[in-house]
Ligand SMILES: C[S@@+](CC[C@H](N)C(=O)[O-])C[C@H]1O[C@@H](n2cnc3c(N)ncnc32)[C@H](O)[C@@H]1O
């Protein structure tokens, strides 16, 4: 491997041709110096760029030492491009791939999963056509707010971080998110402009629920009466379902105009403040439909990492379900949802358990005809080790991280399972996050 072309003033511009797109959505150029990562480029682009090796202190760069390019000029535009949907694209860290036309975008999603599996020796897995959620469907947003300048006259900024940076992009729009969330940007800027101390910053979690938007505001200190009243007025004016404060982990309700609930398969599930819900209703429906299809006919099943019961309750239409979840308040919401469910629903049993430390053992698993697991990004290493030793004939894996999924799939395959199908479900439109549902049988 040679060095990066330099003169005494630093790196000199180079011409690069983009060959492919990597796991984090950056274009990749193959050069004699090694792979160069070029953000916001498409296969077939020819660019003039400055190439640098990312330093050890580069923010959030898990690939320290990788070659990265700053594009000076696009010399040739790839036919795989489309017009990006958002004015902030290219600066905002939320999206990486808005510039890619639908067909190469779908190919990239499949390749992302195929490459992760190949890394674990699982070539040739049956990765199907992705289900891609439409724009304006994301129902959860985690925004940040702070002042643009520390001294008077600064503008209150509300948005996402720029890519690999602490810089906050002040969002005017967000075409991936539900319109009722985007409609709150301006009122929120006005509110926070009044109440956020100049030296503070805060987080704003918005979730579109059935009766309206639920808002969780990360706040530095206990609110006084004046602030509580101001927040309650805001909630009423903006017709929020609920407004809660998160004061260093302590959740405090300010106003609850209507109980925030989301509806899964016709069942209403109460949503605790800031709780996990699938990112889009459309993606959730695709995942649930695929799970129901795969598990049809199984009479007693387990839903591991069950959360508020997104899979439990639909599955309970036809099977007895044992739901296991590590966060108590989510399990409580699941039980409340099961109690609201229609009379035809089968028995739901629930268990509060840390599945990283205390996975269901092979012996415990053997009473189920099928097991679904939907872990956080870290995957389900300990749990799949037990599944691999079990006799459970059908396992359904839902994952939002192809890398940990591929590691866990390897364990299942080594334990005697075959991968029957993999359905990519793109719930994070135009970002580099990919979700999937995989069916394993033995
Ligand atoms: C990706 S979410 C899926 C939730 C649910 N299946 C759904 O679709 O709404 C992962 C879930 O795993 C839970 N979890 C995280 N770590 C856990 C652990 N060590 N043991 C049990 N559950 C855990 C989280 O609280 C969260 O509910």
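In the working numbering, the protein residues as written are 778 to 1219.
Positions of the beta carbon are idealized from the N, C-alpha and C atoms, including for glycine.
Would you identify the three-state DSSP class for residue i, choosing helix, strand or coil?
| i | result |
| --- | --- |
| residue 939 | strand |
| residue 1023 | strand |
| residue 921 | strand |
| residue 987 | coil |
| residue 1065 | helix |
| residue 829 | strand |
| residue 969 | helix |
| residue 794 | strand |
| residue 1080 | strand |
| residue 1131 | coil |
| residue 1109 | helix |
| residue 1034 | coil |
| residue 1001 | coil |
| residue 946 | strand |
| residue 959 | helix |
| residue 1114 | helix |
| residue 1160 | helix |
Just to confirm my understanding: we take residue i, look at its own chain, exclude 5 residues before and 5 after, and list those with CB closer than 8 angstroms. What are they?
| i | result |
| --- | --- |
| residue 1184 | 897, 1156, 1158 |
| residue 1093 | 1115, 1118, 1122, 1123, 1124, 1125 |
| residue 830 | 781, 842, 843, 844, 845 |
| residue 903 | 1196, 1197, 1198, 1199 |
Can you have a look at residue i and say buried or exposed, based on whether 16 or more other CB atoms are within 10 angstroms of its CB?
| i | result |
| --- | --- |
| residue 837 | With a pLDDT of 46 at residue 837, under the threshold of 50, the modelled position of that residue is not reliable, and the figure given next carries that caveat. By the neighbour-count rule (16 or more Cβ atoms within 10 Å), residue 837 is not buried but exposed. |
| residue 819 | buried |
| residue 1091 | buried |
| residue 860 | exposed |
| residue 944 | exposed |
| residue 1193 | exposed |
| residue 1181 | buried |
| residue 802 | buried |
| residue 822 | buried |
| residue 959 | buried |
| residue 1152 | buried |
| residue 1129 | exposed |
| residue 1135 | exposed |
| residue 935 | buried |
Who are the near neighbours of residue i in its chain, counting only those whose CB is closer than 7 angstroms to its CB and skipping five residues on each side?
| i | result |
| --- | --- |
| residue 1035 | 988, 989, 1018 |
| residue 887 | 904, 907, 1201 |
| residue 986 | 1018, 1037, 1038, 1039, 1048 |
| residue 972 | 1004, 1007 |
| residue 931 | 924, 925 |
| residue 1166 | 1139, 1192 |
| residue 997 | 977 |
| residue 1210 | 1177 |
| residue 919 | 980, 982 |
| residue 1154 | 1177, 1178, 1181 |
| residue 1076 | 1096, 1097, 1146 |
Once the 5 residues before and after residue i are set aside, which same chain residues still bring their CB inside 6 angstroms of it?
| i | result |
| --- | --- |
| residue 878 | 857, 859 |
Measuring only from the beta carbon, is residue i closer than 8 angstroms to any heavy atom that is part of ligand 3?
| i | result |
| --- | --- |
| residue 1083 | Absence of ligand 3 from the depicted structure is noted, with ligand 1 being the only ligands included. |
Just checking, does the segment 879 to 897 make contact with the segment 962 to 974 on the three C-beta pairs under 8 angstroms criterion? The way I'd put it, the segment 879 to 897 doesn't touch the segment 962 to 974; fewer than three beta-carbon pairs between them come closer than 8 angstroms.
Touch test, the segment 910 to 926 against the segment 971 to 978, Cβ-Cβ under 8 angstroms, three pairs minimum: Put simply, the segment 910 to 926 touches the segment 971 to 978. At least three CB pairs are less than 8 angstroms apart.
Touching by the beta-carbon criterion (3+ pairs, under 8 angstroms), the segment 1139 to 1149 and the segment 847 to 867: Too few Cβ pairs lie closer than 8 angstroms, so no.
Segments assigned beta strand (DSSP E), at least 3 residues, entirely inside the segment 1164 to 1205: If we require 3 residues or more, the beta strand (DSSP E) runs fully inside the segment 1164 to 1205 come out as 1171 to 1176, 1195 to 1203.
Does the segment 886 to 902 come within contact of the segment 949 to 957, defined as at least 3 CB pairs closer than 8 angstroms? Inter-segment contact for the segment 886 to 902 and the segment 949 to 957 is absent: fewer than three beta-carbon pairs are separated by less than 8 angstroms.
At least three beta-carbon pairs within less than 8 angstroms, the segment 1021 to 1033 to the segment 1078 to 1092: No, the segment 1021 to 1033 is not in contact with the segment 1078 to 1092.
If you scan the segment 829 to 912 from start to end, which runs of the beta strand (DSSP E) of 3 or more residues do you find wholly inside it? Within the segment 829 to 912, the complete beta strand (DSSP E) runs of at least 3 residues are 844 to 853.
Three or more C-beta pairs under 8 angstroms: does that hold for the segment 1054 to 1069 against the segment 1101 to 1108? Verdict: no, contact absent.
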